[in-house]
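To keep things clear, I will list the structure first and then write my remarks on it.
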Amino acid sequence: MVLHNNSFHGEIPPQIGNLLQLRDLDLSNNAFGGPIPSNLSHCLNLETLNFSYNQLVGGIHSNLGNLPRLKNLSLAKNSLVGPIPPSIGNLSSLQWLQLASNRLHGEIPEELSRLKRLVSFRLQCNELTGEIPLGIFNISTINYFSVMVNQLRGSFPSDIGITLPSLSYLSVANNLFTGTIPSSLTNATSLWFFEIYNNSFHGPIPKNLGWLKDFHIISLASNRLWDDLSFISSLTNCSNLEILSLSSNLIHGLLPRSMSNLSTSIKRIYLSNNQIQGTIPSALKNLYNLFLLTLDGNFLTGRLPESIGALYNMQQLDLDGNMLTGEIPSSIGNMTSLALLDLQSNNFQGYIPKSLGNCKQLNKLDLSNNNLIGSVPLEIVGLSCLSILFSLAHNNLTGSLPLQVGSLINLAELDLSYNRLTGLIPASISGCLRLERLHLEANSFQGQIPEALRPLRGLEELDLSYNNFSGPIPSFLADLSLLKYLNLSFNELEGKVPEGGVFLNASTVSISGNKEICGGAPGLNLPLCKSPSSNKFSSTKAILIYVVAVSLLGLALLFLSFFCYRKKKQTPTNASILLSIKNQFLRISYEELLRATDRFSETNLTGGGTYGIVYKGIIDSGAIVAVKVLNSTQRGASRSFVSECQTLRTIRH
Numbered sequence: 001m002v003l004h005n006n007s008f009h010g011e012i013p014p015q016i017g018n019l020l021q022l023r024d025l026d027l028s029n030n031a032f033g034g035p036i037p038s039n040l041s042h043c044l045n046l047e048t049l050n051f052s053y054n055q056l057v058g059g060i061h062s063n064l065g066n067l068p069r070l071k072n073l074s075l076a077k078n079s080l081v082g083p084i085p086p087s088i089g090n091l092s093s094l095q096w097l098q099l100a101s102n103r104l105h106g107e108i109p110e111e112l113s114r115l116k117r118l119v120s121f122r123l124q125c126n127e128l129t130g131e132i133p134l135g136i137f138n139i140s141t142i143n144y145f146s147v148m149v150n151q152l153r154g155s156f157p158s159d160i161g162i163t164l165p166s167l168s169y170l171s172v173a174n175n176l177f178t179g180t181i182p183s184s185l186t187n188a189t190s191l192w193f194f195e196i197y198n199n200s201f202h203g204p205i206p207k208n209l210g211w212l213k214d215f216h217i218i219s220l221a222s223n224r225l226w227d228d229l230s231f232i233s234s235l236t237n238c239s240n241l242e243i244l245s246l247s248s249n250l251i252h253g254l255l256p257r258s259m260s261n262l263s264t265s266i267k268r269i270y271l272s273n274n275q276i277q278g279t280i281p282s283a284l285k286n287l288y289n290l291f292l293l294t295l296d297g298n299f300l301t302g303r304l305p306e307s308i309g310a311l312y313n314m315q316q317l318d319l320d321g322n323m324l325t326g327e328i329p330s331s332i333g334n335m336t337s338l339a340l341l342d343l344q345s346n347n348f349q350g351y352i353p354k355s356l357g358n359c360k361q362l363n364k365l366d367l368s369n370n371n372l373i374g375s376v377p378l379e380i381v382g383l384s385c386l387s388i389l390f391s392l393a394h395n396n397l398t399g400s401l402p403l404q405v406g407s408l409i410n411l412a413e414l415d416l417s418y419n420r421l422t423g424l425i426p427a428s429i430s431g432c433l434r435l436e437r438l439h440l441e442a443n444s445f446q447g448q449i450p451e452a453l454r455p456l457r458g459l460e461e462l463d464l465s466y467n468n469f470s471g472p473i474p475s476f477l478a479d480l481s482l483l484k485y486l487n488l489s490f491n492e493l494e495g496k497v498p499e500g501g502v503f504l505n506a507s508t509v510s511i512s513g514n515k516e517i518c519g520g521a522p523g524l525n526l527p528l529c530k531s532p533s534s535n536k537f538s539s540t541k542a543i544l545i546y547v548v549a550v551s552l553l554g555l556a557l558l559f560l561s562f563f564c565y566r567k568k569k570q571t572p573t574n575a576s577i578l579l580s581i582k583n584q585f586l587r588i589s590y591e592e593l594l595r596a597t598d599r600f601s602e603t604n605l606t607g608g609g610t611y612g613i614v615y616k617g618i619i620d621s622g623a624i625v626a627v628k629v630l631n632s633t634q635r636g637a638s639r640s641f642v643s644e645c646q647t648l649r650t651i652r653h
């Protein structure tokens, strides 16, 4: 019964156990749920039982070990739990045991060593513990062996290549294995896939691995292998080699010239996070099908060869964290398939190549932490393909941020911090609608924080610190609901700090070093802002004082002039003096006061107090006067007026 690759769902009907003559039962790649029917053990003629790629739950029944003719037991890609039943070891005809991608736990039963006809042993992606029974390594018929992604420990037997001569696929990645890589592996002449990454293997790498000419994939990353790269010379015999992965080990020495003699079939070379020294061979250009090269986290020196541009199929070039010098070669723009270029944390100098604008598939560009100079190339800023990261931080770039920054419509992170960029943030940045992190700190940007940032609703980090921004902190920053980190410190910002959104949490916002800001959440420890009414009152009070002072000064000058005039003319009688003074003071009618103050218009209002308000007026003669209107309904107004008159009368000039 073959019903695979359909959309059946529900539980597997138990009536199937009544089909006593059933040989093949294939229900794979459906949506069956529930447990495995327990009465399948009645189908003694079963040779194939394939329930892979369903949604089965529960455990594996021990009575499945009662099917004497079963050759293929495939239960992969379900949600089965519990241990592997030891009774599976009774299936003397079994060739394919495939229990991968479940949640099986416990140890691998020793009884499985009795499966002498086993060809495929697949227990990967479970929660198995303990060691692999040594007897399983003696089943000479096994060609596919995978226990990756478990919690198994132990080591390879030294004679594994002799006891498993038919081995073609060997994967124990993501476990707790120790020990060394046995040189006997070269006896398994059909081996094409060897994967042991993320364990604790140590010691040297066998120099004769190249004897296995069918190698396609060698993945030894994330172990403690201590060796140089001399074994690569033997791999030049592997005409089908596609992947060589040695990252995160203790590999030392120089990059051998023999690397450029590897088969042109090679597509990926991982050598990051080792202790490799020396220069990058220019002959590496021979590997023209290479589309991934990682050499980051080593001690490489010298220049990046111009010939690197010959690797026109390159999609990922990662050289960060070395000591490479010189200019970035312009030929790098010939890699038009580049999706990731990471040259950060080296000693590159000179200008950023404009030719990078040819890389129309680039989604991550990181040139930070170098000694690059010049401006930000328009050709690169206009690359709308950049979507993950565009970082030129920690260089010596000058000039302004080009208007073309608005072309970065798919970019998630823009980092231009710690340069010498100047000018305004262009309004076109509003086009970067997918921006999540914007870092412009430690430059010399100026002007106000632009409204163009308002549409960037996805911003999670914004750092504009250590610039020359001025003006108020925009209130729209409080409306950016996803903003988790805001740094506006050490600018020239002023005014009241918004109180909503990110500003509510003092631990997520930094605004120190701005001397003219106030208010905000208590945790920011800023001074309180003066209320607008108090500011208005202070302003009004200042105007009133000014008007009164000018009036008094005018009176003083008037009396002084009169006194001098009297002395000069030697006026004979006090009566004539009084008459002269009296004639110098104007008599102004109420109608003229109405005209002078535009009918006491608010536009002429200069101040006020408890007992009255003061207006500015221009009388018919052109003189400016202050007119105080008493509030007669206010208790004490009359007494205040008399006091003011007495004060003015006693002034001596």
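Going by full-length UniProt numbering, the sequence shown opens with residue 1, and the numbers climb by one from there. Even glycine gets a Cβ: it sits at the ideal position worked out from N, Cα and C. Nothing here was measured: the structure is a model prediction, and the numbers come from that model.
Alpha-carbon spacing of residue i relative to residue j, whole angstroms
i	j	result
L64	N72	12 Å
L372	G326	10 Å
G513	G617	46 Å
C529	S481	25 Å
S539	K484	Unreliable positioning characterises S539 in this predicted model, as indicated by a pLDDT of 46, which lies under 50. A coordinate reading is not provided.
G458	W192	46 Å
L292	L244	10 Å
D228	K207	10 Å
G471	N505	22 Å
I12	Q316	47 Å
R454	L477	7 Å
L19	S38	14 Å
I251	P305	23 Å
L118	Q344	50 Å
Within 8 Å, strictly: CB atoms of residue i and residue j
i	j	result
D342	D415	no
F194	I218	yes
residue 707	N187	Outside the displayed span of the chain (1 to 653) sits residue 707, for which this structure offers no information.
I429	F445	no
D214	N237	no
S247	R224	no
Same chain only: Cβ atoms within 6 Å of residue i, ignoring 5 sequence neighbours per side
i	result
L115	L94
T294	Y270, S272, D318
N346	N322, L324, N370
L438	L414, L462
G374	Y351
Cross-strand partners of residue i (DSSP beta bridge)
i	result
P472	E494
C518	K496
I160	Beta-bridge pairing links I160 to no other residue.
F177	G154
Q275	H252
G617	V625
N298	DSSP output for N298 lists no bridge partner at all.
G82	L104
W96	N72, S120
T129	E107, Q151
T325	R303
V2	D26
F445	G423
Of the listed residues the options, nearest to residue i (C-alpha basis)
i	options	result
N273	D320, V57, L304	D320
G519	L504, A506, V497, T508	V497
R303	S265, L340, Q349	Q349
H216	L170, P182, L250, S200	L170
G17	G10, M1, N5	M1
L401	H394, L421, A393	L421
S155	K267, P182, S62	P182
L3	N39, S38, L49	L49
G58	E47, L80, L46, S52	L80
S120	N126, C43, L97	L97
P450	S52, S41, F469	F469
Spatial neighbours of residue i in its chain, beta-carbon cut-off 8 Å, leaving aside the 5 residues before and after
i	result
I409	S384, G431, C432, L433, R434
F8	L27, N30, A31, F32
L362	L338, A339, L340, L341, L356, L383, C385, L386
Q124	A100, S101, S146, V147, M148, V149, N150, S171
Cutoff 7 Å; reference residue i; Cβ partners in own chain excluding five residues on either side
i	result
D479	G501
S265	S239, N240, L241, E242, N289
L70	L46, E47, L49, L91, S93, L94
Residue i CB to nearest heavy atom of the ligand HEM below 7 Å
i	result
N198	The ligand HEM is not among the ligands present in this structure, which contains no ligands whatsoever.
Test: residue i CB closer than 8 Å to a CB of chain D
i	result
F348	Any reference to chain D falls outside this structure, which holds one protein chain only.
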